[in-house]
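Counted from 1, the sequence shown has number 233 at position 233 by UniProt numbering; the numbering is strictly sequential. Ideal Cβ placement from N, Cα and C applies to all residues, glycine included. Comments concern the structure below.
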Amino acid sequence: MDKIQYQYLRYNRYLMIVLGQWPSQSTLERFLISIVFVPTIAAQLIFQGGGLICAVVDMDAFMEGVAPFIISLMCLAKYINFAYNFEQMKDLFMTMQKDWRFYMKYEYECNILYRYYEVAKTATFGYAASVYGAMIPFMMVPTLLNVANALEILNTTDDKPLLFRVDYFVDVETYYYPLLIHSYFATIGYITIVVAMDTINLLYVQHACALCTILGYYLENIVKSDDLEIDLIPNPRDDEGHRAMKECIKLHNHVIMLVLNLLN
């Protein structure tokens, strides 16, 4: 990967490596990460689903657990879908690298790519900071309550707090701290799935937009002179306009194929 392109993609790279879905990762590395990551998030979904089923008798507890369970289910489905289409996503990434190398010949092409990749980088950082930042207060609640109880700031005898209601499914008193620690890791995993998948798709879209802008520049500059003398039967080999239009058509078709691959 080009060093400059790498600087724009480093946030995406860190996020995707955590999930074992970065295109440049080896099969072994992806497998080792997956056998740790997938059971962690799947177990959390099982705990939430089991607690939800067992809490049918308590409508308040049931309604409290519905939304977190649906969110976790959607995140896991998002991860499975991306993993299933890994080769297709890898092809898109390789196409991005080839396009980057090909369209770095002229300064105006470089500037267009830099501008769109900078937007993707900034949006990735901002989106990640917003999502992780919004989850921190939620994740801190059990820890703060435990600290307050330990310091006798709160005089409560209620059940020990968790991020999600699983008390109808698992003996919380016996397995409280393993459940709490696991819920932290699983929640971070779910957040990472959302951030990583959304931002890598944003990157693909920004790349396609950059190519469209380059195409627009080509079309605006097909005619480079004010000469009104027109050869009605030009030789295609000597006609600069003809060659430029061919390049525009090729780029246009390339962008269409890129977008279709992204949509599929």
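Of the choices the options, whose alpha-carbon is the least far from that of residue i?
i	options	result
D251	S26, M94, T213 and M63	The sequence as given places Leu at residue 251; Asp does not occur at that position. Looking at the Cα atoms, T213 is the closest of the given residues.
D198	E118, Q48 and F125	F125
R243	L162, A196, L262 and Y218	Y218
L202	D2, K121, L45 and N111	K121
I4	P142, H254 and N111	N111
I249	N221, L215 and L260	L215
M245	N221, M59, I256 and V255	N221
F93	D171, E64, D2 and L145	D2
Q48	L76, Y106, Y6 and N261	L76
N261	L144, D91 and I153	D91
T27	A83, V141, K160 and M140	A83
P140	M104, F185 and Y106	Inspection of the sequence shows that residue 140 is occupied by Met rather than by Pro. Nearest of M104, F185 and Y106 to M140, Cα basis: F185.
How many Å lie between residue i and residue j at the Cα?
i	j	result
M89	R10	17 Å
Y177	L162	9 Å
L113	T95	14 Å
H182	R115	41 Å
N81	E87	12 Å
M16	I33	11 Å
E109	A123	22 Å
F62	I46	15 Å
Y79	A129	20 Å
Y14	Y6	11 Å
M59	L180	24 Å
R30	P142	32 Å
L144	Y204	40 Å
E64	I153	26 Å
K160	M74	27 Å
Determine, using beta carbons only, whether residue i and residue j come nearer to each other than 7 Å.
i	j	result
V131	V57	no
S72	Y190	yes
A208	L258	yes
I200	N12	yes
V119	Q206	yes
V18	T192	yes
Y8	Y117	yes
L211	V172	no
Is the closest heavy atom of the ligand ATP to the C-beta of residue i under 6 Å?
i	result
M257	For the ligand ATP, the structure offers nothing, since it holds no ligand at all.
Do the segment 68–82 and the segment 41–57 touch if we need at least three Cβ pairs shorter than 8 Å?
Contact between the segment 68–82 and the segment 41–57 is present, because at least three Cβ pairs lie under 8 Å.
Within 8 Å, do at least three Cβ pairs link the segment 163–179 to the segment 95–106?
No, the segment 95–106 is not in contact with the segment 163–179.
So, does the segment 131–144 touch the segment 9–26, judging by three or more C-beta pairs under 8 Å?
Because the criterion of three Cβ pairs below 8 Å is not met, the segment 131–144 and the segment 9–26 do not touch.
Inspect the CB distances between the segment 139–153 and the segment 30–39 and report whether three or more fall short of 8 Å.
The segment 139–153 vs the segment 30–39: no contact.
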